[in-house]
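Inspection log for the structure reproduced underneath, given as structure tokens.
Number of protein chains: 8
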Amino acid sequence: MNEQIRLDFQRPERLDFDEAILCARKSDAQLTAIMDRVLAHGTRCLMTRLEPDVFARMAPADRERLDYDPVSRTAYLNWTPAGEPEPPRIAVVSAGSSDMPQAAEVTRTLTYLGASTKQFIDIGVAGLWRLLESVDELRTFPVIVAVAGMDGALPSVLGGLVPGVIICLPTSTGYGVSNGGETALHAALASCAPGLAVVNIDNGYGAACAAFRVLNMIRRTAAAPNG
Amino acid sequence: MNEQIRLDFQRPERLDFDEAILCARKSDAQLTAIMDRVLAHGTRCLMTRLEPDVFARMAPADRERLDYDPVSRTAYLNWTPAGEPEPPRIAVVSAGSSDMPQAAEVTRTLTYLGASTKQFIDIGVAGLWRLLESVDELRTFPVIVAVAGMDGALPSVLGGLVPGVIICLPTSTGYGVSNGGETALHAALASCAPGLAVVNIDNGYGAACAAFRVLNMIRRTAAAPNG
Amino acid sequence: MNEQIRLDFQRPERLDFDEAILCARKSDAQLTAIMDRVLAHGTRCLMTRLEPDVFARMAPADRERLDYDPVSRTAYLNWTPAGEPEPPRIAVVSAGSSDMPQAAEVTRTLTYLGASTKQFIDIGVAGLWRLLESVDELRTFPVIVAVAGMDGALPSVLGGLVPGVIICLPTSTGYGVSNGGETALHAALASCAPGLAVVNIDNGYGAACAAFRVLNMIRRTAAAPNG
Amino acid sequence: MNEQIRLDFQRPERLDFDEAILCARKSDAQLTAIMDRVLAHGTRCLMTRLEPDVFARMAPADRERLDYDPVSRTAYLNWTPAGEPEPPRIAVVSAGSSDMPQAAEVTRTLTYLGASTKQFIDIGVAGLWRLLESVDELRTFPVIVAVAGMDGALPSVLGGLVPGVIICLPTSTGYGVSNGGETALHAALASCAPGLAVVNIDNGYGAACAAFRVLNMIRRTAAAPNG
Amino acid sequence: MNEQIRLDFQRPERLDFDEAILCARKSDAQLTAIMDRVLAHGTRCLMTRLEPDVFARMAPADRERLDYDPVSRTAYLNWTPAGEPEPPRIAVVSAGSSDMPQAAEVTRTLTYLGASTKQFIDIGVAGLWRLLESVDELRTFPVIVAVAGMDGALPSVLGGLVPGVIICLPTSTGYGVSNGGETALHAALASCAPGLAVVNIDNGYGAACAAFRVLNMIRRTAAAPNG
Amino acid sequence: MNEQIRLDFQRPERLDFDEAILCARKSDAQLTAIMDRVLAHGTRCLMTRLEPDVFARMAPADRERLDYDPVSRTAYLNWTPAGEPEPPRIAVVSAGSSDMPQAAEVTRTLTYLGASTKQFIDIGVAGLWRLLESVDELRTFPVIVAVAGMDGALPSVLGGLVPGVIICLPTSTGYGVSNGGETALHAALASCAPGLAVVNIDNGYGAACAAFRVLNMIRRTAAAPNG
Amino acid sequence: MNEQIRLDFQRPERLDFDEAILCARKSDAQLTAIMDRVLAHGTRCLMTRLEPDVFARMAPADRERLDYDPVSRTAYLNWTPAGEPEPPRIAVVSAGSSDMPQAAEVTRTLTYLGASTKQFIDIGVAGLWRLLESVDELRTFPVIVAVAGMDGALPSVLGGLVPGVIICLPTSTGYGVSNGGETALHAALASCAPGLAVVNIDNGYGAACAAFRVLNMIRRTAAAPNG
Amino acid sequence: MNEQIRLDFQRPERLDFDEAILCARKSDAQLTAIMDRVLAHGTRCLMTRLEPDVFARMAPADRERLDYDPVSRTAYLNWTPAGEPEPPRIAVVSAGSSDMPQAAEVTRTLTYLGASTKQFIDIGVAGLWRLLESVDELRTFPVIVAVAGMDGALPSVLGGLVPGVIICLPTSTGYGVSNGGETALHAALASCAPGLAVVNIDNGYGAACAAFRVLNMIRRTAAAPNG
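Chains as they are written, first to last, in the UniProt record's numbering: chain A, 1 to 227; chain B, 1 to 227; chain C, 1 to 227; chain D, 1 to 227; chain E, 1 to 227; chain F, 1 to 227; chain G, 1 to 227; chain H, 1 to 227.
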């Protein structure tokens, strides 16, 4: 049935960014068919949740077509950087080094979309001085992606300190009542800090897209400041 | 112990918007003490979740100090509009007329903060033509707040059609497995549309603050487009 | 204790369709005993959730007796097609290519029961044009099985556009608050579109049986239109 | 904002049945506005979840316009029966007398839509003889709506005995682990009986619409049996 | 720390039955230490949840000391049957062949404790005739253990038909909203049939002990009928 | 529709005890209709969950027909004690005085059914000496109903000390993670004490019926000790 | 049955503090009986969750016997302060003024038990400067009770800043995914700050007792520093 | 990105104990980088949740640097015992031998921190005599860590018998409604025994830190008894 697969190639016209392929739960044959379709259409695509063992099972020719990163489990197909990068306007902040895969998925997705990022890691609230050291710099970013698992206290603290748009990315890090990220998700949603915006657990791709939507609107304004 | 209440009057300096008072679970005495503190400090405040019966129990002098709206259950204390309103750049979209209280809380909060809005109501996906009629106009807004309860399908459809920032506000409308808004919340978070950002169930205030953060960053850029 | 297994061979007389064997959680010895029982009784059966590795462990003679499909994980035992197929009156609609195994289970079960289907895949609401392109054709089907995971928005949109019977099959596709299909299930149940009927998560067999019950009642009417 | 309410008057053309108004969570002013809109449009409507105290608060003129039934909490506005009723082809089966409000909502909705029903009450499985006495008659109905709360065992037993389409309507009857209807819902979804179709807890309106969709498709076939 | 293990050898004096060893989550070294302790004490024991691969890893001498059954995953250590068995007074009834491991754990535990059982399998309610055929015989048993997963409708039907003590053993059979046995558990607890008594999901050992407690009290009465 | 109510008057022949009427969620008219039906049939019945305010709303003639107890919220209709009571063989044990309504429902139901009980209250494990003082007496009862809310630790301690049949009745006493009785329910089901049998939260009627089933089987044995 | 109530008067000998009466779910008659029992025994007691309307319904003589505080809903019966208070060694810290009832229950319980407290209110993390201002003082307390609802971020921040024992008291403040305090509870339990100890939602009495146990052990050491 | 890892080396100054490394979800490369960082800083660290297979994959040089214990899955890096141990003042009490890994994590962590412990194992309440035998000794400990899974009844019984600080460590031991430790967690939180303090499921490290905080405050008092 793979010949029936229909990709949403019109997405860039509607949304200003292109469809990504969520590789989880797709068969090897489906992934190959999708890659062929993308190349035949002369476009590019981003693949997410491409597990290392799935990548390793691919034909060498397929593997060579991909720019693959095992930490974030993302791959770029037919992608080239778009000229000189602009200075980073999106900060990616993470609470602990266990959250690195999700933070990396954010960064890789934004790089693919042509947005520069700066990473701040290991600034969880249990060692508050690490966060406080960075506050002045963080206040200069119009968009911050806050990556946190377990109790998810980082976004609440951050939300009271900086004026930028905060996209909270809860992660499944933790055990017991961390409940696979649910506690971090709920803490971000129920935060007493005003105006936090939240995406699904471990959804680094979605957090990046949300951040990109903001950046895109800012860019449009910069291009047409009276609009 | 009410004399110990400490309000966060420094918030505007940090976040560009001021603290709101969540009236739910506060005693009448606490509310009066807070209002006195605000007036003594010479500032203004927004009160949310101020139920009509609590408002009705207030002393006449207190009631007169407030600009109260019973649909959104919000009140303005010591507030005056800030000059001529700019054209609306935030759309507030709702799926059904049962979601009007939450949509009104968004609008009232944004009005308080000095941001104009335009409302689109009754455009849930069960009568898709109503949404499709509005798409072209919605595509011109940099920020959309999408209010939906029950199955929460509206944000997913919207997210595939417009490029702006979408803040999803799930509501507790519905019964059975609507689970007090949880299904609408989860549908927004698990959406196949990319880059939706979500706030807590019935948190119209939070959705407004998230939208304001985006608008604020856009305004800063418009003021300093090269930054 | 396998000699005690009692199959429900009388089911066709009561329900017009025969018992299927859910292979999950049955031991290899139980599966062999059941197949022997079916053949000894001179009848046929459908096996569901027969995982590839279980199939591969079977004796070659057993494997040869089966018409096995690894995508849907179904097998036909002692089955032959019943004459010329009628034109399809059941549409199987799926939101994404990750839902293919469940859609295939629907199709394979209906084929086994003698009902023709037509598949529509990749018409999730995030790329709404794909669904809108197919609406006119979908409106001609008396029964539609709508397969969707993640936010499960497809059935809600469909339910407002077509008059036929809609059987919603939520799938466990997704992660985080998709909760193994619970969000798609709840969204279908709490839909604002009227008259959606829902089956258990990933229960392609059950969705097919529900669709067949409808088709069967339509056929009876066609045979005796005044009844 | 009530002047912005937009009703989906085109629904009958798309779905063959008209929009109903869910009165829960709507203000008195909203209900009046909706009724005025319906009358101004020269059409009819069904109102569900119209609680007796809300009905009692209505202006006498409004109350007189309505055909109100307090058991099912439904009202008909501007409705007249459509000629001679046909013999009932939908059975409404309920397990206990505590489920009467939900069963009545099914019946009232179907009457509104022009479909005759026959009720079978108090045939829960704890007194199995009551169900067995009715099986032969129930086997003649093309559609059965099975209403059950608590353990929800009725649909499973029924599903193994009759060939018709079974729409399961779980109810919130019960306490403790009945969990407001969740156990009955889950039991219907997880049933070992094949091909049960399920609607949301206490959603009598939705169960009726699902049954009507089936009846409608049967009627179309009867009208054009070769289609 | 294994030398610190303290077994409850006094249990038979208090409860009339001896402690069993739940092997799940115990290390191989712990299991060996426990077996040695039991033998040193000159008593016997029952081991439950002893997985085949754990059994296979044991030293040959240890394996030979055990009467092991892989279906129920139970082992007897140092056990000999206690004379001629009495006629069975406990029926073990199961809904489907997927529940065989749990039913076998009940039977093996009761055999170990010196109580005879009779098994009735595959009498789930989806094929009601199989249950109805057995009702007259089942009515003669003072104790019935009813084993059922998925929707767990069997105990409710049984509870309305027989006067004996009914111990419900929900199983984790099923998928989706079966929720690992929770739906079967809740259905048994919320049953409209009066006087069902329930044990934990998959707890065949516990169901057997509950049945044994009843049998034991009946035996005491038989021995001293005036007590 | 009340004329359609069908009571299960044959239950005593099947189960040795008669149907009870769960009054919750029944309308006043339904209750009156049921009482009339019972009296017309010349039999008796037990009414449970008959709230004081519902009782107070009844017609005086109806109230006089009932033996009503407000603590247990039970009523007897047309009931007379059956001769001299036998010595109590069922102990009703409760952890705290907050559980008195549920314990009273057990006792009232058993009295109705003709079984004597002895109550032991306030013997929760937080003051263990109170339980230990009663152990020797409790060991003489063939059946114990253990009533406990909050953490539900009483059944586990009891289960290790006495050989009789233990029916656990979890109650909704408590707050926070007591979760309306769920924690007490789960603690009883997951108990490390062997052979506890459990009924639904607050289901005093069900606990009594389960206890009665045991007593009934013991009585049969006493009458025919060789059976 | 109230004459059967048995209070645990021996508790002070075992635990160094006396039993409290949880008034929720106790009838007025039960409360009176308990108060009489306490007075007859010549001792004192603490009553918790004594709602203002229950207090108002008491006989005047009973009301006069009590030192009642409506904010914390606690009452002292027969209590007198034990000499000069020592300097406070327990800090009670709360995130917002909505948490005042729970914080007051902690303070009132500790006062009853003879332990001095100091309150710090409104130091939630959304206005971090309020917490940072107090850190140096908080570091001098051996025990801190941290009261927080909603996202419950306060304990995590505190736990990384102070060395004392931290008892976390989650509150049911909040809405939506605050889930009646569950999110605050889970955030405290899953905290990345090491060594937080947690009590049940809204359990101010329990938090006070936990704090008192620590203080009591410290006092014993102070009295016998070499032990 | 591993060069960006920032450890919280200042923690001992703030909290009197040092940061531990939670190895779960960290890559092999991250663990090596962290160990190098610790050694370069000339300090020590504790590693928790270091699974045997991860340990086995380490380079031999890395393995040799560690004092590794496979039961508790903990490792000490660069650690030496601090002089003569003081007599144990913390008791570690566990209900069953299945809880040994968690109890061992408590003990190993406290040993690392320089606190002596005494273990009491297999004293679950199902064999109450084992607990009662130890009560007098347990009453002499200022701090008790109570480790229990399944129904978690041990802390409730203990809490009514001893005056010391009780840290409850629920474990994921058990199946079915044990829910991976949730029932034990909830039972400890909802306990009727006053003043239990609870940590996350399986969080032996956290329980040890909570116990250490208490011991540390006691030691400070012993050093400065008038403080």
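Here a beta-carbon is modelled for each residue, glycine too, at the ideal position from N, C-alpha and C.
Which chain F residues are close to residue i, counting only those with a beta carbon under 8 Å from its beta carbon?
i	result
L128 of chain H	V157, G160, L161
May I ask you to report which of helix, strand or coil DSSP gives residue i?
i	result
C45 of chain G	strand
G227 of chain H	Only weak support is given to the placement of G227 of chain H: the predicted model assigns it a pLDDT of 45, under 50, and the value that follows is read from those uncertain coordinates. Coil at G227 of chain H, not helix or strand.
A207 of chain D	helix
Q30 of chain G	helix
L66 of chain F	strand
A40 of chain H	helix
L15 of chain H	helix
residue 236 of chain H	No information on residue 236 of chain H is available, as it lies outside the stretch 1 to 227 that chain H covers here.
A222 of chain E	helix
Starting from residue i, find everything on chain F with Cβ-Cβ shorter than 9 Å and list it in chain order.
i	result
R73 of chain G	Within 9 Å Cβ-Cβ: nothing; R73 of chain G doesn't reach chain F, min ~12 Å.
Q30 of chain G	S97, S98, M100
Could you work out which residues of chain B lie near residue i, taking near to mean beta carbons separated by less than 9 Å?
i	result
D122 of chain G	Q4, I5, R6, L7, D8
Just the Cα atoms here: how many angstroms apart are residue i and residue j?
i	j	result
G160 of chain B	A126 of chain H	58 Å
E137 of chain B	T43 of chain A	29 Å
W129 of chain A	D18 of chain H	15 Å
D69 of chain B	T140 of chain B	29 Å
P155 of chain A	M217 of chain A	23 Å
L7 of chain E	I34 of chain E	8 Å
L189 of chain C	V198 of chain D	8 Å
D122 of chain G	S94 of chain G	6 Å
L110 of chain A	E51 of chain B	44 Å
A103 of chain G	E105 of chain D	48 Å
D36 of chain A	D62 of chain A	9 Å
N200 of chain G	A210 of chain G	11 Å
If the cut is a Cβ gap below 7 Å, which residues of chain H does residue i touch?
i	result
D151 of chain F	S156, A187, A190, S191, C192
Residue i versus chain C: which residues are under 7 Å apart at the beta carbon?
i	result
G83 of chain A	What G83 of chain A touches in chain C: nothing, since even the nearest Cβ is about 29 Å away.
A173 of chain E	Note that residue 173 of chain E is Thr in the sequence shown, not Ala. R25, listed in chain order.
Starting from residue i, find everything on chain C with Cβ-Cβ shorter than 8 Å and list it in chain order.
i	result
G176 of chain B	L189, A190
Inset, instruction - Can you give me, in chain order, the residues of the region 183 to 205 of chain A that have a beta carbon less than 8 Å from any beta carbon in chain C? - result: With the criterion set as a beta carbon lying under 8 Å from some beta carbon of chain C, the members of the region 183 to 205 of chain A are L185, N200, I201, D202, N203, in sequence order.
Legend entry - Complete runs of the beta strand (DSSP E) confined to the UniProt domain "PurE" (88 to 220) of chain D [at least 3 residues]: Fully contained in the UniProt domain "PurE" (88 to 220) of chain D are the following beta strand (DSSP E) runs of length 3 or more, in chain order: 90 to 94, 117 to 120, 143 to 148, 165 to 170, 196 to 198.
Legend entry - Selection of the region 54 to 68 of chain E by Cβ proximity to chain F, strictly under 9 Å: none
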